[in-house]
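Chemist:
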Amino acid sequence: DTEVTQTPKHLVMGMTNKKSLKCEQHMGHRAMYWYKQKAKKPPELMFVYSYEKLSINESVPSRFSPECPNSSLLNLHLHALQPEDSALYLCASSRGRDRDEQYFGPGTRLTVT
Amino acid sequence: DQQVKQNSPSLSVQEGRISILNCDYTNSMFDYFLWYKKYPAEGPTFLISISSIKDKNEDGRFTVFLNKSAKHLSLHIVPSQPGDSAVYFCAASVGAQKLVFGQGTRLTINP
């Protein structure tokens, strides 16, 4: 099973809303990632959790707040977003070792109005 | 500063022929390279990877070549099939966790 699941598939939110994106994997992976992908651009890394601890934050604005409740789950809490934050948000996971491939979920298409 | 570059935004290949996708990088510290395939409305799917200690890795119809002196890698798909039509991203990392992606190449396989 190489599946990473993400919910919801689509999300429309206003700039004053609070919402959360969820990601789950059952591959026993110990590293989980959030990426942001704008149209016709490559995925850009936002956060990395390694063994449930935040190991990389790519200078992401504080209106994005990640959380890793356990080794299988990863959340991204959203608050006071801007229209330019509209994008495809991708979750990925890996075994957490050096030189290891990351497996991606299908993404959540977020639109901020 | 774009550390990973795919200079061809698109590529069209006849079914059954070889598809060659290219990728250049600037950071000599990169030691692990990957290729991903992406269909619309789906996440990237891992295809094949190569460590900097190798110059070739093969998996079925897919072969990745790495030329460290030229800071260049390529993905060969042979024979190309209609289902291979997708956007292909190359990615590179130092260690494993922080992947840097290229801009992608849209591959179209024509029947």
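Residue numbers (the working numbering), protein chains in the order written: chain A, 54 to 166; chain B, 23 to 133. In this text, a Cβ means the ideal position worked out from N, Cα and C, and glycines have one as well. For clarity, every value in this text was computed on a predicted model and none was experimentally measured.
#1: Please check the pair SER188 (chain A) and MET80 (chain A), which I expect to be a contact at CB under 8 Å, by giving their CB distance rounded to whole angstroms.
#2: Measure the C-alpha to C-alpha separation of ASP53 (chain B) and SER96 (chain B) and round it to an integer number of angstroms.
#3: So what's GLU137 (chain A) in DSSP terms, helix, strand or just coil?
#4: Do you know how far the Cα of ASN128 (chain A) is from the Cα of PHE68 (chain B)?
#5: Beta carbons nearer than 8 Å to chain A: which residues of the stretch 60-71 of chain B have them?
#6: When you check each C-beta in the stretch 69-83 of chain A against every C-beta of chain B, which residues fall closer than 8 Å?
#7: According to DSSP, is ASP46 (chain B) part of a helix, a strand, or is it coil?
#8: Can you tell me where the beta strand (DSSP E) with ILE70 (chain B) in it begins and where it stops?
#9: With a cut-off of 7 Å, does the C-beta of LYS93 (chain B) fall near any C-beta of chain A?
#10: DSSP state of ASP151 (chain A), grouped into three classes?
#11: Check whether the stretch 123-132 of chain B and the stretch 90-101 of chain A are in contact - that is, three or more C-beta pairs closer than 8 Å.
#12: With a threshold of 16 other CB atoms inside 10 Å of the CB of GLN36 (chain B), please say whether the residue is buried or exposed.
#13: Using beta-carbon positions only, say whether ARG39 (chain B) and SER107 (chain B) come within less than 7 Å of one another.
#14: I'd like to know if the stretch 117-133 of chain A and the stretch 81-88 of chain A are in contact, where contact means that at least 3 CB-CB pairs between them fall below 8 Å.
#15: Starting from the beta carbon of TYR110 (chain B), find every residue of chain A whose beta carbon is closer than 7 Å, and list them in chain order.
Modeler: In brief:
#1: Look at the range of chain A in this structure, 54 to 166, and you will see that residue 188 (chain A) is not part of it.
#2: To locate residue 53 (chain B), count along the second sequence from 1; it is residue 31. To locate residue 96 (chain B), count along the second sequence from 1; it is residue 74. Straight-line Cα distance between these residues: approximately 15 Å.
#3: By one-based count along the first sequence, residue 137 (chain A) stands at place 84. If DSSP states are grouped into helix, strand and coil, GLU137 (chain A) belongs with the helices.
#4: Sequence index remark: in the second sequence, residue 68 (chain B) carries index 46 (1-based). Sequence index remark: in the first sequence, residue 128 (chain A) carries index 75 (1-based). About 23 Å.
#5: ALA63, GLU64, GLY65, PRO66, THR67, PHE68, SER71
#6: none
#7: Translated into the one-based positions of the second sequence, residue 46 (chain B) becomes position 24. Strand.
#8: If you number the second sequence from 1, residue 70 (chain B) lands on position 48. Run containing ILE70 (chain B): 67-73, per the beta strand (DSSP E) assignment.
#9: As a position in the second sequence, residue 93 (chain B) is number 71, starting the count at 1. False, the Cβ-Cβ gap to chain A never drops below 7 Å.
#10: The count along the first sequence starts at 1 and reaches residue 151 (chain A) at position 98. In this structure, ASP151 (chain A) counts as coil in the three-state DSSP scheme.
#11: yes
#12: Within the second sequence, numbered from 1, the residue matching residue 36 (chain B) stands at position 14. The residue is exposed, with fewer than 16 neighbouring Cβ atoms inside 10 Å.
#13: One-based indexing of the second sequence puts residue 39 (chain B) at position 17. One-based indexing of the second sequence puts residue 107 (chain B) at position 85. Contact: no.
#14: yes
#15: Here the question's residue 110 (chain B) lines up with position 88 in the second sequence. Per Cβ cutoff of 7 Å: no residues; TYR110 (chain B) is ~11 Å from chain A at best.
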